[in-house]
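Below you'll find the structure, written out as structure tokens, and then a few comments.
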Amino acid sequence: TSPIVIAPSILSADFARLGAEVEAIVAAGADWVHVDVMDGHFVPNITIGPPVVKAVRKVTDRPLDVHLMIAPVDPYLEAFAEAGADIITVHPEAGPHLDRSLRTIRALGKRAGVALNPATPLSSIEHVLDVVDLVLVMTVNPGFGGQSFISSQVKKIAALKEMIADRPITIEVDGGVDRETARDVAAAGATALVAGSAVFRDGPANYAGNIDAIRRSA
Ligand code: DX5
Ligand code: ZN
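Taking UniProt numbering as reference, the numbering of the sequence shown is continuous, increasing by one, and the terminal residue is 221.
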């Protein structure tokens, strides 16, 4: 079995102290740093853009896992690549040509991810798997941290694992992941776990314990 990757979502960090927060989660054992980009259009919330990704890039060498919840997404792929993203993940609904978006990300030298909302079927990515490095299964409707895990998605993760077969594609899960739900998603085949509120809860002194708890139950 592959080692589990823990990717804390900085959406739950204290934005006024963002550099220190990123350093704290990395010191606490974060493998990747998950960055949630929202435009108030594709999702009902607005967060951050390329300048903040560029600033975060300066404080860590860990892979930046950039989750784009913006539409149209294509005009911004290059800006996020230049800002220092390592993985760039798009939603199939965020542009007219998913295959083209994924190829563009790879042409920019980045790992190409595709994110599936709870209602988005696996069939939407069936024919693009050869240009995908990561599939992000959303276990909440995207837009906010701290929402409840949608357990119907565990079956989807298992079906995705079968669909991927022996392709070198990472299964990542995002939304409501904590020490309880981590067990179920890992058992279904996820190897990368995004966690926002479950990592950042109770302040920096608890980040390492929070990350360890998720990793141990996965
Ligand atoms: C939701 C974001 C998630 C979110 C996760 O739209 O994509 O990354 O920050 O937060 P928790 O772990 O609190 O559900
Ligand atoms: Zn996310």
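Ideal Cβ placement from N, Cα and C applies to all residues, glycine included.
Check	Outcome
Does the distance from the C-beta atom of A115 to that of R109 stay below 8 angstroms?	yes
Rounding to the nearest angstrom, what Cα-Cα distance links L125 and L101 in this structure?	14 angstroms
Starting from V117, follow the beta strand (DSSP E) in both directions and report where the run begins and ends.	114 to 119
To the nearest angstrom, how far is it from the Cα of V46 to the Cα of P145?	7 angstroms
Taking the alpha helix (DSSP H) that E96 belongs to, which residues open and close that run?	Unbroken run through E96: none, as it is neither H nor E.
Could you tell me whether the Cβ atoms of I217 and A198 are closer together than 8 angstroms?	yes
Quick one: is S155 buried, meaning 16 or more other Cβ sit within 10 Å of its Cβ, or exposed?	exposed
With DSSP run on the structure shown, which of helix, strand or coil describes A10?	strand
Could you pull out every residue in the same chain whose Cβ sits closer than 8 angstroms to the Cβ of V180, ignoring the five residues on either side in sequence?	T142, F152, V188, L196, V197, A198, A201, I217
CB of S15 to nearest heavy atom of ligand 1: below 7 angstroms?	yes
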